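What follows is a single structure, written as structure tokens, with notes after it.
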Amino acid sequence: MKNIALLLLLACALPASAATDAELERLEALRLAGDYQAALEQGRSDLEVEPDDTRLLHLLGELELATGELDAAAAHFQRIIELSGQDTLMARSRLAEVHLQRGERQAAGDLWRQIREAYQTGAGLGTRDLHAVAEATRHLGKSDPQLFKQAVRIFDDVLRRDPANLEAGIALGELLLEKYNNQEALQVFQEVLSRDDRHPRALLGLARSQHFDYSSEAVTSTLKALSFNPNLVPARVLLARLFIELEQFDDARREAELALQVNPRSLEALATLAVIHRLEHDQAGFEQIEARVLALNPDYAGLYTLLAEMSAQNRLYREATGFARRAVELDPESWQGYGLLGMNQLRLGQMQAGRDNLERSFSGDPYNVWIKNTLQLADSFSDYVELDRGSFRVVLHGDENALLEEYIHDLAQQAYRSFSARYNHRPQLPIRIELYPDHADFSVRSVGLAGVGLLGVSFGPVVAMDSPAARERGTFNWGSTLWHELAHVFHLSMTDNRVPRWFSEGLAVYEERIARPGWGGDVDPGFLQAYLEGRLLPLSQLNNGFVRPSYPEQIIHSYFQASLVFEFIEERWGFDTIRAVLSAFRDSRMPDTVLLDELQLDSETLDAAFDAFLEDKYSIALQALSPGAGAESGTASRQLSPDTALPDKYFDQFRLGTQLLEQGNLELAELFLTRAQQLFPEYAGGDSSYWLLAQLYLKQERPGAAQQQLENMIAINAEHYEAHLQLARLRAGRGDTEGAAAALEAALFIYPYDLEVHRDLARHLASLERWNEAARERRAVLALDPVDRAEAHYQLARAYNRADNRSSAREQILYALEIAPNYFQAQELLLSLREAANAGEPTQ
Amino acid sequence: MKTVVAACLLLLASQNALALQHHLLIVSGIGGTEAYRQQFTSQAETLMQAALDAGIARNNVLMLVAESDSANHRPADKQSLLQAVREIGTRAGIEDRVFVILIGHGNARGDSALFNLPGPDISADELGAALDLLGDRQLVVVNTASASGPFIKRLAAGNRIVITATASGQELHAPLFADFFVSAFATAGADRDKDERISMLEAFDFARLEVQRSYDSDKRLLTEHALLDDNGDGEGSLEPGEYEVDGKLADRVYLQQPRSAATGASSKLVAMLQRKQQLEQSIRDLKRQRGNMERSSYYDRLETLLIDLALLSREIRAGDS
Chain G
267 MKNIALLLLL
277 ACALPASAAT
287 DAELERLEAL
297 RLAGDYQAAL
307 EQGRSDLEVE
317 PDDTRLLHLL
327 GELELATGEL
337 DAAAAHFQRI
347 IELSGQDTLM
357 ARSRLAEVHL
367 QRGERQAAGD
377 LWRQIREAYQ
387 TGAGLGTRDL
397 HAVAEATRHL
407 GKSDPQLFKQ
417 AVRIFDDVLR
427 RDPANLEAGI
437 ALGELLLEKY
447 NNQEALQVFQ
457 EVLSRDDRHP
467 RALLGLARSQ
477 HFDYSSEAVT
487 STLKALSFNP
497 NLVPARVLLA
507 RLFIELEQFD
517 DARREAELAL
527 QVNPRSLEAL
537 ATLAVIHRLE
547 HDQAGFEQIE
557 ARVLALNPDY
567 AGLYTLLAEM
577 SAQNRLYREA
587 TGFARRAVEL
597 DPESWQGYGL
607 LGMNQLRLGQ
617 MQAGRDNLER
627 SFSGDPYNVW
637 IKNTLQLADS
647 FSDYVELDRG
657 SFRVVLHGDE
667 NALLEEYIHD
677 LAQQAYRSFS
687 ARYNHRPQLP
697 IRIELYPDHA
707 DFSVRSVGLA
717 GVGLLGVSFG
727 PVVAMDSPAA
737 RERGTFNWGS
747 TLWHELAHVF
757 HLSMTDNRVP
767 RWFSEGLAVY
777 EERIARPGWG
787 GDVDPGFLQA
797 YLEGRLLPLS
807 QLNNGFVRPS
817 YPEQIIHSYF
827 QASLVFEFIE
837 ERWGFDTIRA
847 VLSAFRDSRM
857 PDTVLLDELQ
867 LDSETLDAAF
877 DAFLEDKYSI
887 ALQALSPGAG
897 AESGTASRQL
907 SPDTALPDKY
917 FDQFRLGTQL
927 LEQGNLELAE
937 LFLTRAQQLF
947 PEYAGGDSSY
957 WLLAQLYLKQ
967 ERPGAAQQQL
977 ENMIAINAEH
987 YEAHLQLARL
997 RAGRGDTEGA
1007 AAALEAALFI
1017 YPYDLEVHRD
1027 LARHLASLER
1037 WNEAARERRA
1047 VLALDPVDRA
1057 EAHYQLARAY
1067 NRADNRSSAR
1077 EQILYALEIA
1087 PNYFQAQELL
1097 LSLREAANAG
1107 EPTQ
Chain X
1162 MKTVVAACLL
1172 LLASQNALAL
1182 QHHLLIVSGI
1192 GGTEAYRQQF
1202 TSQAETLMQA
1212 ALDAGIARNN
1222 VLMLVAESDS
1232 ANHRPADKQS
1242 LLQAVREIGT
1252 RAGIEDRVFV
1262 ILIGHGNARG
1272 DSALFNLPGP
1282 DISADELGAA
1292 LDLLGDRQLV
1302 VVNTASASGP
1312 FIKRLAAGNR
1322 IVITATASGQ
1332 ELHAPLFADF
1342 FVSAFATAGA
1352 DRDKDERISM
1362 LEAFDFARLE
1372 VQRSYDSDKR
1382 LLTEHALLDD
1392 NGDGEGSLEP
1402 GEYEVDGKLA
1412 DRVYLQQPRS
1422 AATGASSKLV
1432 AMLQRKQQLE
1442 QSIRDLKRQR
1452 GNMERSSYYD
1462 RLETLLIDLA
1472 LLSREIRAGD
1482 S
């Protein structure tokens, strides 16, 4: 019904003509519903009767455009212009669109300039004229970005004069979105939809806006648009691209082909199909589509910007730079092309070239917030220190380089050795590792925007991640994150970046989990409840959990679930199978089936086998978490005694244990928390029975029991900073210096900025005669800028001396005495060093 | 061994310094809550013990504690505080050094500020007027309270070191400064030059840097900025130093009570101590020339001087023992 209202408004806005309103309404209704052929047949028939009816000519022109009949469309718009009546500006605008699709940029530009001239010299323009002027201004903005602002003002003018002009509203929304102002674009689309909630293009605009915000609602809105117009080509194309993001290429191809059935000359549908061929390694198919696109429009840079964009989304950064380069060769004003080229060069570690291209992009499109943010970040690169050592180039902020570089490099080297042996593969060197102390900077580095929730990202030869300073203490284990990202380096290198996201993420988390006890994700009640409620995704759809989660915890659940898949595969088939799958991804045209082929299973069988694995692994916990009779909700801790028998439900036992602990009834609390732990021994979160029991035992002055709880907890979850420190104290108190040192070393992977931790660790290592490591800790103390620098230099000199590094010992002892010339112990060490040097012996 | 060095230093000090006595007044203000009461009392007691360990005579230490359960402490009300200052004025010699340390809460009142006590609070003006009665005696005043910044302007004068935990009356959150300032005298870590004494500058720097570290560690914006003034201009410096606008006097004033000179020192020991002073001066001179020297030449020359100094110090210690 609302579409009819639109037509009436449209009819009022258009100049009078001979065709009846009823006929035009019917044609427009057919067009909006996507019944283009019926509308064309009827319209062509009507045109024979009324060959100069401008409204009819417009409608036919739009229908021919929608179906790719560019010559016919051009003829209709040209005819309107020749009639020299009203509405010729809109006809010029639409004719320019035809030229643009053919790659006739000069002709299109001439028409846009004519429209602008009419605007600047004429008066009394109607809203459709102004709409045409706004469109022309928008296109000319490519060469003069200030014109975009003017285009928005003109659209605003149109809508002020005619608030019900839905076409202008949609066009304004599209312009705002094109210029990255999604907040206002969304408002505009919502305003249009408040007037007509079934308008296919407005729904498409909403979907694009949602996609801009990474919302899973984009799919719903696109499907809704297609439900009202199944032949809306741009909606089919968007749907195809959403499927590509999920790496569901069959679904994507189906949508692109449906679009091409409607409009065989749709450049964006063909470009999308080209992307699919490319991502599926179908070079012949890709070249055929590429040739088809270039035959239709030899200057169509959009093919290559789309290829670059989608390649980058699929982690094919090298290919992305190649395509982006083609885009800017075809169109020197492809600011998007320069942006994509620059961003992907930065991802490949080509820092200066990347920056230069971003600056080119920004000069032509200063509204691009991604480019702007990245250029601002690039300006701060001078604050960072790059250090090449072995296989790595480590890039750290100058404020924390001295402290972190050694730890980063040592762990990276360990990971490199481990992965090289495990995967029998050596990636391209050096691997660049960047750490950002400000999460916003890391976020910009990874996606161009602040606020992304990632901890690290691997682009292949370049890893970027939060430094431990970027996160709250105790919320982030930089060691396991670096291990994870370096695992990606190997996966991407082995597959030429052609590994599905869920596979790479799951395998990287699995690598974390087996690298050190407690690293990587671990199971929590929410994960098993999601399994029990059927919310975990089948393996064939696991990518959705990463790309478009349907509930807030789904990303975390998907990471852990995917890691379990690899535990399951290695246990059942061995790691050789995982290596074989990685190799197969590199060359496969059918990534969806690679794993199944290698395992020789169908999708359903694999899902069933994995479910059985998971149910076996967590059988006790699943039982304890499953719905069923629990304690009565009113069961209070004061009613309990050691003999109270409660059902074996985890939450009941845990809740009562916690309450008892809070009330100070330690004996009973221990009983219920222990039962909870027996029911779900795999859960070791910060609020788990392990931590609570450890605190309880400390209150009871039972250090041995507390230590056992902390050790069990850390073996599962090594991210709890305080747990490491407590464990170190307990071990040291019981004479286990080696254990205390190990606990403190583990704590450094979470928070390396605590001076006392480094001092304590240095003391433990010294008493273990591990002098090189003690020296490392003393260097860390100095890097943390202690007040007593003389003491710090002296202690470092002492460690160097005991490690037989006499020249460094001399250097440090001079630094100590330079500050405090009368420092007695330092004087003695200086004399001792000199005497040893004279005697040619090591000192003690 | 520690006493040897201190005694040696004193041998070369002036006769006036040898007679100098330290007087310490510690005021633990009203806490408001049990936690703060305990915190302030504990800090005051720690400081008092550190002062006694540093050789200040027990009779020269006065401690006023608000809300105290102990009969050992005088109450910390305004009248008692003013009375204590008067007592010190009566007792202290003209060359003596007086330390007044305020631990507690404070608040701003217009351009001035108050230190909170049971009953009427004491303002910067009132404390300033009381301290003025101490005349030209060298005075160290430390106000570790919130909003203590305005005390600097009122209390600053020649031959005085004034330290406040905050830079203004607007810094109202309970500062961490007192905890670290007291720790500077009670624990290791503040003695930068390893002379086994803590100067006021060392204590201030220790507290300032540890406060900064604590805020950084908790990812909190620093809401307290301690000041030190020792040139009498009332401006106060955030980062004073031996070569800065403020800091020269604070670098030379220690909480430690100077001990009486050792008597009967041999002429050989006196000569060695004079030689030691010369070496120390040579090291200072060399450090000043560092910017104009090749790095390796600088450290080679420094090493030579340091070895001479170390050998001489070893000889002095051996002679003493």
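Going down the list, the protein sequences come from chains G and X. Add 266 to a position in the first sequence, counting from 1, and you land on the number used in the numbering used here. Add 1161 to a position in the second sequence, counting from 1, and you land on the number used in the numbering used here. All residues carry an ideal CB built from backbone N, CA and C; glycine is no exception. Computed from a predicted structure; not experimentally measured.
Would you kindly work out how many angstroms separate the C-alpha atoms of residue i and residue j, rounded to a whole number?
i: residue 1009 of chain G; j: residue 924 of chain G; result: 27 angstroms
i: residue 1265 of chain X; j: residue 1309 of chain X; result: 10 angstroms
i: residue 1278 of chain X; j: residue 1352 of chain X; result: 33 angstroms
i: residue 1239 of chain X; j: residue 1188 of chain X; result: 10 angstroms
i: residue 689 of chain G; j: residue 465 of chain G; result: 53 angstroms
i: residue 816 of chain G; j: residue 659 of chain G; result: 38 angstroms
i: residue 1363 of chain X; j: residue 915 of chain G; result: 59 angstroms
i: residue 627 of chain G; j: residue 619 of chain G; result: 12 angstroms
i: residue 724 of chain G; j: residue 606 of chain G; result: 17 angstroms
i: residue 1467 of chain X; j: residue 1433 of chain X; result: 15 angstroms
i: residue 1099 of chain G; j: residue 1062 of chain G; result: 14 angstroms
i: residue 426 of chain G; j: residue 453 of chain G; result: 15 angstroms
i: residue 751 of chain G; j: residue 369 of chain G; result: 43 angstroms
So which residues of chain X does residue i contact, with C-beta pairs closer than 8 angstroms?
i: residue 872 of chain G; result: Correct list: empty, because the minimum Cβ distance to chain X is about 45 angstroms.
i: residue 1097 of chain G; result: 1468, 1471, 1472, 1475
i: residue 738 of chain G; result: 1380
If you follow the alpha helix (DSSP H) that residue i is in, where does it begin and where does it stop?
i: residue 1444 of chain X; result: 1428 to 1449
i: residue 376 of chain G; result: 371 to 387
I need the boundaries of the beta strand (DSSP E) containing residue i, first residue and last residue.
i: residue 750 of chain G; result: Run containing residue 750 of chain G: none in the beta strand (DSSP E); it sits in the alpha helix (DSSP H), 744 to 760.
i: residue 1303 of chain X; result: 1299 to 1304
i: residue 1260 of chain X; result: 1258 to 1264
i: residue 633 of chain G; result: Residue 633 of chain G -> no beta strand (DSSP E), and no H or E assigned at all.
i: residue 1015 of chain G; result: No beta strand (DSSP E) holds residue 1015 of chain G; DSSP gives it neither H nor E.
Buried or exposed for residue i, please, with buried defined as at least 16 other CB atoms from any protein chain shown within 10 angstroms of its CB.
i: residue 563 of chain G; result: buried
i: residue 647 of chain G; result: exposed
i: residue 811 of chain G; result: buried
i: residue 1114 of chain G; result: Chain G is shown only over 267 to 1110; residue 1114 of chain G falls outside these bounds and no answer can be derived.
i: residue 1302 of chain X; result: buried
i: residue 1052 of chain G; result: buried
Strictly below 8 angstroms CB to CB, what residues from chain G border residue i?
i: residue 1389 of chain X; result: The premise fails here: residue 1389 of chain X is roughly 15 angstroms from chain G at the closest Cβ pair, so nothing lies under 8 angstroms.
i: residue 1366 of chain X; result: 1053
Which residues in chain X have a C-beta closer than 7 angstroms to the C-beta of residue i? List them in chain order.
i: residue 1086 of chain G; result: 1353, 1354, 1355
i: residue 1047 of chain G; result: Within chain X, no residue comes near residue 1047 of chain G; the closest Cβ sits about 11 angstroms away, beyond 7 angstroms.
i: residue 1083 of chain G; result: 1467
Starting from the Cα of residue i, find the closest Cα among the options and give me that residue.
i: residue 1230 of chain X; options: X/1202, X/1391, X/1358, X/1414; result: X/1202
i: residue 1108 of chain X; options: X/1393, X/1311, X/1473, X/1463; result: Residue 1108 of chain X is absent from the model: chain X starts at 1162 and stops at 1482.
i: residue 1193 of chain X; options: X/1276, X/1258, X/1216, X/1252; result: X/1276
i: residue 1001 of chain G; options: G/975, G/468, G/1058, G/969; result: G/969
i: residue 835 of chain G; options: G/861, G/818, G/825; result: G/861
i: residue 680 of chain G; options: G/611, G/892, G/656; result: G/656
i: residue 319 of chain G; options: G/295, G/304, G/350, G/296; result: G/350
i: residue 420 of chain G; options: G/395, G/526, G/570, G/996; result: G/395
i: residue 806 of chain G; options: G/580, G/766, G/663; result: G/766
For residue i, go through chain G and note every residue whose CB falls closer than 7 angstroms to its CB, in chain order.
i: residue 1441 of chain X; result: 1087
i: residue 1460 of chain X; result: 1080
Using the beta-carbon of each residue, which ones in chain X are nearer than 9 angstroms to residue i?
i: residue 1013 of chain G; result: Under the 9 angstroms cutoff, chain X gives no residues; its nearest Cβ is about 14 angstroms from residue 1013 of chain G.
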